[in-house]
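Peer 1: Structure provided below as structure tokens; questions to follow.
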Amino acid sequence: MNTSLTARVAELLRQAAAAIVVPRFQRLQHGDIEEKSPGEMVTIVDREVEALLTPALQALVPGSRVVGEEASALDARLLQGLDHGAVWLVDPLDGTSNFIVGRPQVAMMVALLRDGQTLAGWILDPLRGTLCSAESGAGAWQDDRRLQVSTPGATALSGIVKTRYLPDGLKQEIERRTTRLHQLHPGSNAAGVDYPAIVRGESDFAVYWRTLAWDHAPGTLLLTEAGGHVARWDGSPYRPGDDRTGLLVAASAQVWEAARHALLDD
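This is the structure we're talking about:
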């Protein structure tokens, strides 16, 4: 993939942030928010960003298609065939619930897949202007700075466990095991914030139940290109087109094994 494509996607994200996201932060009106499914909120910002990015991204790669979070909420058939051809994944505003209440933990995310493999990913903090990006085989970056995870040991680990969507029995079992680790917390409620936090060493790992492609394709590439480790709970590789539940991501393979043993092993 050429550097001009990387730069053009970054610029599209920055343009959408400046035109749509930043002006409405802490300024949403009642009519700008609705419930798209039980417990899942959407705003005018989510929809306008996705509408702006969709045709622009398609134009960058002839023959590609866009699978956005909001369009997929209306037509789940868009999620079929992620393993074929060139596919853009778009999460127009990750952390919508944070945005609604005026918390700044939000991100805008894009990933480019080719036949199911993530070739590149972009995560923009629209309020701070910080861009994390990664390209398969070419490393991970925050703006112009190369990213590399620290290498924590496998003791006294601190991590993120997303319990909201866990089945009740599993949730209770993981909560029972939390004493095996140094500290667990629920994260920022935005994968696009949590993945860079692991790269920066602010958390050692994260456990997820839901693995929606737009939530995880950009961040898993960022983390692995920075030296981290990503796999399903059973150790199998993560692919965005695989809709199974359960994902464990960590700053290293050693940390991944320690977290799985502590929280997930029988």
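Position one of the sequence shown corresponds to residue 7 (this note's numbering), numbered consecutively onward.
We put the beta carbon where it would ideally sit given N, CA and C, even for glycine.
Remember, predicted model here, so these are calculated numbers, not experimental data.
1) Of all the options 101, 250 and 77, which has the alpha carbon lying nearest to the alpha carbon of residue 57?
2) Do you know offhand how far residue 82's Cα is from residue 40's?
3) Can you give the Cα-Cα distance for residue 176 and residue 253, rounded to whole angstroms?
4) Mind checking who residue 245 pairs with in its DSSP beta bridge?
5) Count the other C-beta atoms from every protein chain shown that fall within 10 angstroms of the C-beta of residue 127, then say buried if there are 16 or more, exposed otherwise.
6) Do you know offhand how far residue 231's Cα is from residue 147's?
7) In whole angstroms, what is the alpha-carbon distance linking residue 60 and residue 84?
8) With a threshold of 6 angstroms on Cβ separation, who are the neighbours of residue 129 within its own chain once the five nearest residues in sequence on each side are excluded?
9) Note down, in chain order, each residue of its chain lying with its Cβ closer than 6 angstroms to the Cβ of residue 202, except the 5 sequence neighbours on either side.
10) Which residues in the same chain have their Cβ closer than 6 angstroms to the Cβ of residue 62, if we skip the five residues on either side of it in sequence?
11) In whole angstroms, give me the CA-to-CA distance for residue 108 and residue 42.
12) Within 10 angstroms of the Cβ of residue 52, are there 16 or more other Cβ atoms? Answer buried if so, exposed if not.
13) Pick from 79, 54 and 92: whose alpha carbon is nearest that of residue 72?
14) Quick check: the Cα distance between residue 255 and residue 192, rounded to an integer number of angstroms?
Peer 2: Looking at the atomic coordinates:
1) Position 51 of the sequence shown, counted from the first residue, corresponds to residue 57. If we check each option's Cα against that of residue 57, 77 comes out closest.
2) Walking along the sequence shown from the start, residue 82 turns up at place 76. Walking along the sequence shown from the start, residue 40 turns up at place 34. In a straight line, the C-alpha of residue 82 is about 19 angstroms away from that of residue 40.
3) For the purposes of this step, residue 176 is identified with residue 170 of the sequence shown, where counting begins at 1. For the purposes of this step, residue 253 is identified with residue 247 of the sequence shown, where counting begins at 1. Approximately 14 angstroms, taken between the alpha carbons.
4) Locating residue 245 in the sequence shown gives position 239, where the first residue counts as 1. None; residue 245 has no bridge partner.
5) By one-based count along the sequence shown, residue 127 stands at place 121. It counts as buried.
6) As a working mapping, residue 231 is identified with position 225 in the sequence shown. As a working mapping, residue 147 is identified with position 141 in the sequence shown. About 9 angstroms.
7) Along the sequence shown, one-based indexing puts residue 60 at 54. Along the sequence shown, one-based indexing puts residue 84 at 78. Whole-angstrom Cα-Cα distance: 13 angstroms.
8) The sequence position of residue 129 within the sequence shown is 123, counting from 1. Within the same chain, residue 129 has close Cβ partners 113, 115, 138, 198 and 224.
9) For the purposes of this step, residue 202 is identified with residue 196 of the sequence shown, where counting begins at 1. For residue 202, where only same-chain residues beyond five positions count, the Cβ hits under 6 angstroms are 138.
10) If you number the sequence shown from 1, residue 62 lands on position 56. If we look at residue 62 and ignore the five residues flanking it on each side, its Cβ neighbours are 18.
11) To locate residue 108, count along the sequence shown from 1; it is residue 102. To locate residue 42, count along the sequence shown from 1; it is residue 36. Taking the straight line from one Cα to the other gives about 20 angstroms.
12) In the sequence shown, the residue the question calls residue 52 occupies position 46. Classification of residue 52: buried, given that the 10 Å Cβ count is 16 or more.
13) Along the sequence shown, read from residue 1 onward, the residue named residue 72 stands at position 66. Measuring from the Cα of residue 72, the nearest candidate turns out to be 92.
14) As a first step, residue 255 must be located in the sequence shown, where it is residue number 249. As a first step, residue 192 must be located in the sequence shown, where it is residue number 186. Cα to Cα, the separation comes out at about 14 angstroms.
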